[in-house]
Amino acid sequence: MGETIFSKIIHKEIPAQIVFENDEVLAFNDINPKAPVHVLIIPKITEIETTRDIDPKKHAALLGALYEAANKIAKDLGVSETGFRLVLNCGPDAGQDVYHLHMHLLGGRKMNWPPG
Ligand code: AMP
26 MGETIFSKII HKEIPAQIVF ENDEVLAFND INPKAPVHVL IIPKITEIET TRDIDPKKHA
86 ALLGALYEAA NKIAKDLGVS ETGFRLVLNC GPDAGQDVYH LHMHLLGGRK MNWPPG
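Residues in the sequence shown are numbered from 26 upward in steps of one, following my numbering.
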């Protein structure tokens, strides 16, 4: 997999407002936020481009780590009780722009359904 903007953030080659980091995942504020809280949570391993590339056997612990981080960040940023949305865009029709798996955590406002 080629280098993406997110692998550059992981390697601290470009700056980001990091809100959480551990050995498996990194989370930082989206540069173009769509809600008062808009955090991207990404695995530090770089070979997973989309949800299609998830191998349940190989990545089970990583998926747990992504959701554990999301719940912690939602709590830390004060949207755990009011509610938040987790979004993983996969492929062109979903509007995926960066081909490094990432979870959007959106909160701090009332969300519409269905999404646009
Ligand atoms: P997606 O459309 O699901 O691939 O989401 C990619 C997201 O990455 C978008 O919401 C962008 O605003 C965000 N983004 C792109 N470049 C950066 C960056 N340098 N720092 C933080 N967020 C970024």
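Where is the CB? At the ideal position from N, CA and C, for every residue including glycine. Small disclaimer: the values here were computed from a predicted structure and weren't measured.
Candidates the options: which alpha carbon is nearest residue i's?
i: residue 150; options: 124, 34, 109 and 125; result: Because the chain is modelled from 26 through 141, residue 150 falls outside the range shown and cannot be assessed.
i: residue 61; options: 138, 129 and 47; result: 129
i: residue 67; options: 85, 101, 45 and 134; result: 45
i: residue 63; options: 125, 103, 76 and 87; result: 103
i: residue 99; options: 79, 52, 39 and 47; result: 52
i: residue 113; options: 122, 105 and 127; result: 127
i: residue 39; options: 47, 48 and 56; result: 56
i: residue 50; options: 28, 87 and 41; result: 87
Using the rule of at least 16 other Cβ atoms within 10 Å of the residue's Cβ for burial, across every protein chain shown, is residue i buried or exposed?
i: residue 89; result: exposed
i: residue 132; result: buried
i: residue 119; result: exposed
i: residue 95; result: buried
i: residue 30; result: exposed
i: residue 43; result: exposed
So what's residue i in DSSP terms, helix, strand or just coil?
i: residue 35; result: helix
i: residue 68; result: strand
i: residue 63; result: strand
i: residue 127; result: coil
i: residue 108; result: coil
i: residue 46; result: strand
i: residue 41; result: coil
i: residue 29; result: coil
i: residue 96; result: helix
i: residue 101; result: helix
Report the partner residues of residue i according to the DSSP bridge assignment.
i: residue 54; result: 64
i: residue 132; result: 62 and 109
### Query
Is the region 28–43 in contact with the region 66–83, if contact means three or more CB pairs nearer than 8 Å?
yes
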